[in-house]
Each structure stands twice: as C-alpha cells, then as structure tokens.
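S.K.: In my numbering, the protein residues as written are 3 to 418. Dropping a structure here in structure tokens format, bear with me for questions.
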C-alpha cells in the first residue's frame, strides 16, 4: 500500500466512490486491467462500488461479488463478441441503460468516477452525479466520436453530431476530466472541457508485476521462438493499432529466414489481419491469443523488439498505453505513428526505440531489417525503457494522484 493510503484520515475511509465502466476484471481489455488495479488500490482508502457489464464468455458467472474489498455488480447487458459493429453497439447500449437504472438505486456515493469505455458512459455518470448531487470525475481513454470518424467506423453525420453533443455535455459538466496525454488534453478542451478542470494522469504499469525475463524463456520455448528474431505486437488487434502496416512490412522481409512476426491478442481487425497475411503470403507472421497476466513478463520478453502502431491522424485521440508493459519488460519498440503523438514523445524521452511515419510499411520493414542486422542497440534501448518506466509510470505514483484528485474534488464540492 502506498504511503498516501496508509496515512489517509479515518474519515476518508468511509467515503463511497461509485465507478462506471463496461469492462472490469476478468476482462482482457486495457481499461479492464487498469480500472481493476485502480479500484483495488482505492479500496484501501474508500468504499468502492463498481457497476460493470457482463464479460463475453463469462455470462454464467455471478452478477454480484466482492473482490479485493471492491463491491462489483455486473448489470444486465448483452455480451456478444465485439468484432461486429452491431454487436458492440448492443453491448454498449444495453450496458448504459442498465447502469443508469441500477445506479439510481445504489447507496448515495460521495463521488462518481467514469472511465470512458464505452465513450457515452460519461453521460450516465453525469446523470447520476446530478441525481445524487455529488462530483463527477471522467477518465478519458480516447476522444470520441472523432476516433471512430477518423477510422471510418462512423460516417452518419446525424449520429456523429448527436454523439458529439453527448460527449461535450459531460465534458463540460464533469468536475474533473482526466486526460492520459498532453496532446489529448488539447482535443478535450476543443470539445468543451474547461482547461482548469483537466488533469493529466498517464496510464501506468506495475514494474514489479511485469519484469524483464531472459529472451529464450519458457514461453518462447513453448511457442518455438528460440533462435528466432521476434518482432511482436501484444494487445488489441483493432482499427487504431494499424496492424495491417506491420503485416505488409512482413511481406517485404521474407528473405530473412530467422524472422518471426508475432501478433498476440485479438480484436475487431483480427480476422482481416489474418486474411491479409494469407493474401500477401506473409508466412513469417504468427498469431497467438491474449496471454494470461501471469505469463505476460515471459511473453513480452520473448520479443526482441515490439511494434507499436497508431493509425494516421489519431495523435492525441488515442494513446497506445500498451507500450508501458513492453518497456517494463525491458524490450525496445518500433513506433509507427504521427510525429505529434504522445507515443513518439514518450519513446524519444525514454530512449527506448525508433520511430517511423504512420502507415508506411516500407519504413517499418527497414526499421525491422536494421534491428535484425544488429544496427540498433536493442539491449541499451530496452534497459533505458525499463528505467524510464520505473521513474515515470509506476503504479503507486499514479494511484496516489488519483487518490489526491478524488479527495480534492470532494472537498471542492463540499466547500462550494
């Protein structure tokens, strides 16, 4: 437990924080992992209640339970596989309706915290905050609906306009808005968030949970990666991650016999990426499912270098936080993103890799070729990234900032 939690006043321990997000433990989504960690740490100081959705393939599990002192309720919602847009929309809206219905019946909280997955959950949080007359903190993991527009996932102008009004409404109405990056903050201000209410708290990783392992560890052995040069993507295979560029780059590197491109994870673009690899004859690409957290140190360490892609035009709208785990494992990165994106600035500050333009397979292929040929000091980059994570992205420091934010937000409302 952090020093702030140990020294918290006894009165703070009775305060009730209501948390809303569709994804929570045991979900594999980044927001599920982050929010679970945050809530379990906050439970040392506060009474924490989470209203979350029903996870896919966990439909028969208990709907209410307590885990690490956090009271969790899975409200009624569909749990379809999210690869289809309609299925995802059904999951979103069934969760939002149920969260609102259930939320009005919970014991009065002292504060409501929303993590924006789905993006419209802030509107539910704002409605509940007004119903209970308590402050609202909105944690923005991306900027919606602009992200969906730029990815071509949302084209209906009427729907786009309506969603913009919904998001702008809760950004204006929230007592505090947490942004996970400076570039993102500017986008949020443009959407209506007051600059003096925005707090930047980047996503984090526990450097004691994910640690550097030897390259040829048991995970690498089990997956026949010993003696290979491995370029890895580990995480969501969605629209924003631009895995297609990595696959197209792989097709330009078939002359390197010892090269393996390893894609670990799943998501909305998984089937399309797999089909693209087949069409291009990219036989050096291999696919694996999401790995349990207990083997992440080994799976991440099995890569000689990791690919972190961000589709063109998404700088500040999406922040690829999976890089935190990669750097915690002491592995360097090849980043393909726009120059103004947070991930490019992070890698430069950490000295943890190289960057190339977004959506440029030839540039990605050239960076991989240089890494495989020993022209890049991968060991130094990996060590530098690990040191940077320990100094800047540790879990305890981030959780303490959330704890301080919650306390100051409650105090500000009480003194108003």
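Using N, Cα and C, we set each Cβ at its ideal position, and we do this for glycine too.
(1) Can you give the Cα-Cα distance for residue 147 and residue 162, rounded to whole angstroms?
(2) How about residue 323 and residue 354: do their beta carbons lie closer than 7 Å?
(3) By the DSSP assignment, the alpha helix (DSSP H) with residue 309 in it spans what residues?
(4) Based on the DSSP secondary-structure assignment, which residues constitute the bridge partners of residue 261?
(5) Using the C-alpha atoms, what's the distance from residue 100 back to residue 366?
(6) If you count every other CB in all the chains shown that lies within 10 Å of the CB of residue 66, and 16 or more means buried, which is it?
(7) Can you have a look at residue 88 and say buried or exposed, based on whether 16 or more other CB atoms are within 10 angstroms of its CB?
(8) Out of curiosity, what's the CA-to-CA distance linking residue 273 and residue 240?
(9) Please state if the CB of residue 357 and the CB of residue 325 are separated by a distance shorter than 7 Å.
(10) Could you say if the stretch 285 to 305 and the stretch 255 to 273 meet the contact criterion of at least three C-beta pairs nearer than 8 Å?
(11) Taking the runs of the alpha helix (DSSP H) that are 4 residues or longer, which of them lie wholly in the stretch 132 to 209?
(12) Quick one: Cα of residue 416 to Cα of residue 178, how far?
(13) Can you give me the C-alpha to C-alpha distance between residue 216 and residue 227, rounded to a whole angstrom?
(14) Please report the straight-line C-alpha distance between residue 327 and residue 207, rounded to a whole angstrom.
(15) What separation, rounded to the nearest whole angstrom, lies between the Cα atoms of residue 69 and residue 205?
(16) Leaving aside the five residues before and after residue 7 along the sequence, list all residues of the same chain whose C-beta is less than 6 Å from its C-beta, in chain order.
(17) Under 7 Å between the Cβ atoms of residue 384 and residue 332?
(18) Going by the beta-carbon positions, is the gap between residue 51 and residue 73 smaller than 7 Å?
(19) Between which two residues does the alpha helix (DSSP H) holding residue 39 run?
(20) Using only the alpha-carbon positions, how far apart do residue 103 and residue 135 sit?
(21) Quick check on the DSSP output: the beta strand (DSSP E) that includes residue 2 runs from which residue to which?
(22) Residue 128 to residue 172, Cα distance in whole Å?
(23) Identify whether residue 66 lies in helix, strand or coil by the three-state DSSP scheme.
(24) Taking C-beta to C-beta, are residue 374 and residue 258 nearer than 7 Å?
(25) Since residue 267 and residue 220 should fall inside the 8 Å C-beta cutoff, what is the C-beta to C-beta distance between them, to a whole number of angstroms?
(26) Could you pull the DSSP bridge partners for residue 338 from this structure?
(27) Using C-beta distances below 7 Å, list every residue in its chain close to residue 349, excluding the 5 sequence neighbours before and after it, in chain order.
(28) For residue 345, which of helix, strand or coil comes out of DSSP?
(29) By the three-class DSSP mapping on this structure, what secondary structure does residue 213 have?
(30) Measure how close the beta-carbons of residue 190 and residue 145 come, nearest whole angstrom, since I'm counting them as under 8 Å.
(31) Name the residue from 330, 351, 321 whose alpha carbon lies nearest to the alpha carbon of residue 340.
(32) Going by DSSP, what residue range makes up the beta strand (DSSP E) through residue 288?
(33) Under 7 Å, do residue 168 and residue 125 count as touching if we go by C-beta distance?
(34) Among the candidates 22, 23, 28, 41, whose CA atom is the shortest distance from the CA of residue 400?
(35) Can you give the Cα-Cα distance for residue 26 and residue 310, rounded to whole angstroms?
(36) Considering only C-alpha positions, which residue in the set 54, 377, 71 is nearest to residue 81?
M.R.: Well, looking at it:
(1) 7 Å
(2) no
(3) From DSSP, residue 309 is part of no alpha helix (DSSP H) but of the beta strand (DSSP E) over 307 to 311.
(4) 231
(5) 44 Å
(6) exposed
(7) Exposed: under 16 other Cβ atoms inside 10 Å.
(8) 10 Å
(9) Cβ distance not < 7 Å, so residue 325 and residue 357 don't count as in contact.
(10) Three or more Cβ pairs closer than 8 Å define a contact, and the stretch 285 to 305 meets that threshold against the stretch 255 to 273.
(11) 148 to 152, 159 to 175, 184 to 192
(12) 15 Å
(13) 13 Å
(14) About 6 Å.
(15) 22 Å
(16) Its pLDDT being 48, under 50, residue 7 is placed unreliably by the model, and the measurement read from it follows with that caveat. Hits under 6 Å: 46, 47.
(17) yes
(18) yes
(19) Looking at the DSSP string, the run of the alpha helix (DSSP H) that includes residue 39 is 32 to 44.
(20) 17 Å
(21) Absent from the structure is residue 2, since the part of the chain shown begins at 3 and ends at 418.
(22) 6 Å
(23) It is a strand residue.
(24) A distance below 7 Å separates the beta carbons of residue 374 and residue 258.
(25) The pair is not a contact, with the Cβ atoms about 20 Å apart (cut-off 8 Å).
(26) 311, 358
(27) 335, 337, 355, 357
(28) helix
(29) coil
(30) 7 Å
(31) Ranking the options by Cα distance to residue 340, first place goes to 321.
(32) 287 to 290
(33) yes
(34) 41
(35) 24 Å
(36) 54
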